[in-house]
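Numbering follows the numbering used here, in which position 212 of the sequence shown is assigned residue number 272; successive positions increment by one, without gaps. Glycine residues also receive a C-beta, built at the ideal position from the N, C-alpha and C atoms. A quick note: this is a predicted structure, and the numbers were derived from the prediction, not measured. Data first, discussion second: the structure below is written as structure tokens.
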Amino acid sequence: MPSDLQKRLRKLGIQKGARHITPKPKPKRQTGIESLVDGEIIETDYGPLFVHVERYAPDHLHGAYAVNALLTQSRWVAGRLADRDGEIDLSRTVFIDTETTGLAGGTGTLAFLIGVGTFEEDGSFVVRQFFLRSPAEEPAVLLYLSEWLDEYEAVVSFNGRGFDLPLLQTRFILQRLRPHILSAPHLDLLTPARRVWRGRLESCSLKSLEYHVLDVRRDQTDIDGSLIPQLYFDYVLTGDAREMPRVLYHNAYDILSMVTLATRLIQIFDEERTVALTAADLYALGKWHADRAEHAQAERYLRQALEDLSDALVQHQAALRLSLLYKQLDRRLEAIGLWEVVAHAATLNLQASLEACIELAKYYEWHARDLPQALAWTEQALAVAASLPDRLTRQAIMSAVEHRQQRLVRKISRTE
């Protein structure tokens, strides 16, 4: 029987005889980020930080445009897209994209990679990527950035209003820093991109826009963004940064694609553009101006989309949107013909056809005082509603239209 002393020694990991001891595996050699990508160590009052810098010549092509093509675009349109009264100096903007430890935001989420892109005086574009070799380096990075960003007048992002900027603001506040750039004009490209391409593309993600609109193709170095938080956790645990260059590539490409996307969007929204627009582009512009109560411009673009014969579905959508604009402007006689066109084209868009039938029913009941015609359009609306694919939607709409039908029948019977 082992003595009490032997039992105590075993609890401490001490055994008699080396043959019974399983050797511990040798720790894997750590591979730091410094040995994988070129970078600079900057000393700050809060300690050192690591930054990787990539420079792109003015004529560097990223997709359909050279990076410096943005500098020739309208500053006034850029301001409008940022909901700002006045211009945005595109040469004094900073493009921001972050890679984080999660998508939840809040105080528990770190931006372990902050990428910022800016233009130089010669038109070249520089991407600086501040990488946290350890979470302990965050104060140094944020202190440095809070001072460095003060040189710039506006921010460009993709979904930055909903994620990147609020997250950075939280991190800065925790360090008692308040850089002015967080309250500067902010052009979030996701908003105008959705106005132009929602409905045409299944997704308005940056990856989708790259493929379908910007002619950008990423190589095998890229990585799925959803994998990035776990890769950073693995890096922090092991010190092995071999996957981190792929993360930096992903981040840099996001920033370059923002430049290309900004160029394309400003061209589309510029009244003095020189590029050709598709019918769908014209329709999107018409809706945008209508939403801003810019009626003359809205009518012009919607009419152009309506006259473009290349896309029947867009024609149908433009006709309905233009008819609703005419209704808003109390020009119902001009709306009637458009409503009739849309109402008779249910195979293109059931929902739009249904809406047109109901508008015609309203017009004939309340403005033309033609109750039989109002009833006829109500019954046409019922026929269209019966074809709606979603059962709950179909039942709700048919119930409302049947109520209208019954009311009209009663009104007609009282006049006979």
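Report yes or no: do three or more beta-carbon pairs, one from the region 180-198 and one from the region 142-150, lie closer than 8 Å?
Because the criterion of three Cβ pairs below 8 Å is not met, the region 180-198 and the region 142-150 do not touch.
- Item | Residue from 176, 110 and 99 whose Cα sits closest to the Cα of residue 318 | Of the candidates 176, 110 and 99, the one whose C-alpha sits nearest the C-alpha of residue 318 is 176.
- Message: Excluding the 5 residues flanking residue 276 on each side, which residues of the same chain have their C-beta closer than 7 Å to its C-beta?
- Response: If we look at residue 276 and ignore the five residues flanking it on each side, its Cβ neighbours are 122, 123, 270, 317 and 320.
Exercise. Using a Cβ-Cβ distance under 9 Å, would residue 115 count as near chain D?
Worked result: Absent from the structure is chain D; it holds one protein chain and no more.
_N-terminal and C-terminal residue of the alpha helix (DSSP H) that residue 341 is part of_ = 339-351 is the extent of the alpha helix (DSSP H) around residue 341.
Relative to the C-alpha of residue 306, which candidate in 280, 244 and 163 has its C-alpha closest? Of all alpha-carbon atoms in 280, 244 and 163, the one lying nearest the alpha-carbon of residue 306 is that of 280.
Mind checking whether residue 190 and residue 315 have CB atoms under 9 Å apart?
-> Residue 190 places its beta carbon 9 Å or farther from that of residue 315.
Counting only runs that start and end within the region 129-201, where is the beta strand (DSSP E) found for 3 or more residues in a row?
Here the runs fully enclosed are 153-160, 171-179 and 185-191.
Compute the Euclidean distance between the alpha carbons of residue 460 and residue 471, then round it to the nearest angstrom. When rounded, the distance between both Cα atoms is 17 Å.
task = Inspect the CB distances between the region 253-268 and the region 224-243 and report whether three or more fall short of 8 Å.
result = By the Cβ rule, the region 253-268 does not count as touching the region 224-243, because fewer than three pairs are nearer than 8 Å.
Checklist entry - Since residue 122 sits in a beta bridge, which residues does DSSP pair it with? => result According to DSSP, residue 122 bridges with 125.
With a 10 Å radius around its C-beta and 16 neighbouring C-beta atoms as the bar for buried, classify residue 232 as buried or exposed. Buried, by the Cβ-count rule.
Practice item. Name the two residues that bound the continuous beta strand (DSSP E) containing residue 100. Key: First-last of the beta strand (DSSP E) with residue 100: 100-104.
Check your understanding: Are the region 134-142 and the region 191-206 touching by the rule of at least three beta carbon pairs closer than 8 Å?
Key -> Under the Cβ criterion (8 Å, minimum of three pairs), the region 134-142 does not count as touching the region 191-206.
- residue 161 versus residue 258 - alpha carbon distance: Between residue 161 and residue 258, the C-alpha separation is close to 29 Å.
### Task
Measure the alpha-carbon distance for residue 345 versus residue 324 and round it to whole angstroms.
Distance between the alpha carbons of residue 345 and residue 324: 14 Å.
Q | Rounded straight-line distance, which links the Cα of residue 409 to that of residue 448 | A | Computed Cα separation, rounded: 10 Å.
Inset, instruction - For residue 116, write down the residues that DSSP places opposite it in a beta bridge. - result: Per DSSP, 185.
| request: Specify the secondary structure class of residue 110 as computed by DSSP and reduced to three states. | output: The answer is strand: DSSP assigns residue 110 an E or B state.
Leaving out five residues before and five after residue 206 in sequence, what residues of the same chain have Cβ atoms less than 6 Å from its Cβ? Excluding positions up to five away in sequence, the list reads 237 and 239.
Going by CA-CA distance only, name the one from 174, 114 and 416 that's closest to residue 97.
-> For the options 174, 114 and 416, the alpha carbon positioned closest to that of residue 97 is the one of 114.
Is the region 286-295 close to the region 335-342, with three or more CB pairs under 8 Å? The region 286-295, when compared against the region 335-342, does not touch it at the 8 Å Cβ threshold.
Identified DSSP bridge partners for residue 248: Per DSSP, 217.
**Item:** Rounded separation between residue 474 and residue 431 - CA only
**Value:** Here the C-alpha atom of residue 474 lies approximately 11 Å from the C-alpha atom of residue 431.
Please list, in chain order, all residues of the same chain as residue 412 whose beta carbon is under 7 Å from its beta carbon, the five residues on each side excluded. If we look at residue 412 and ignore the five residues flanking it on each side, its Cβ neighbours are 376, 377, 380 and 402.
### Given residue 439 as reference, the closest of 429, 420, 158 and 450 once Cα atoms are compared
Looking at 429, 420, 158 and 450, the one whose alpha-carbon comes closest to that of residue 439 is 420.
Tell me the DSSP bridge mates of residue 258?
Its beta-bridge partners are 261.
- [ ] Within its chain, find whatever has a CB closer than 7 Å to the CB of residue 423; leave out the 5 residues flanking it on each side and keep chain order.
- [x] So the qualifying residues of the chain are 392 and 396.
Tell me whether residue 439 sits in a helix, a strand or coil according to DSSP, three-state version. If DSSP states are grouped into helix, strand and coil, residue 439 belongs with the helices.
Notebook entry, point to check: Which of helix, strand or coil does DSSP assign to residue 91?
Noted result: Residue state, collapsed to three classes: coil.
Thinking just about the alpha-carbon of each residue, which of 342, 446, 172 and 141 is nearest to the one in residue 55?
It is not possible to answer for residue 55, since the shown part of the chain is limited to 61 through 476.
* Kindly indicate which three-state DSSP category residue 409 falls into: helix, strand or coil? => Secondary structure of residue 409 (DSSP, three-state): coil.
- prompt: Does DSSP put residue 389 in a helix, a strand or coil?
  reply: Secondary structure of residue 389 (DSSP, three-state): coil.
Excluding the 5 residues flanking residue 131 on each side, which residues of the same chain have their C-beta closer than 8 Å to its C-beta?
Leaving aside the five residues that flank residue 131 on each side, the residues in its chain whose CB is nearer than 8 Å to its CB run, in chain order, 150, 151, 179 and 183.
Among 252, 241, 369 and 355, which residue has its Cα nearest to the Cα of residue 388? Of the candidates 252, 241, 369 and 355, the one whose C-alpha sits nearest the C-alpha of residue 388 is 355.
- Message: Among the candidates 342, 462, 188 and 353, whose CA atom is the shortest distance from the CA of residue 367?
- Response: The closest CA to that of residue 367, considering only 342, 462, 188 and 353, is found on 342.
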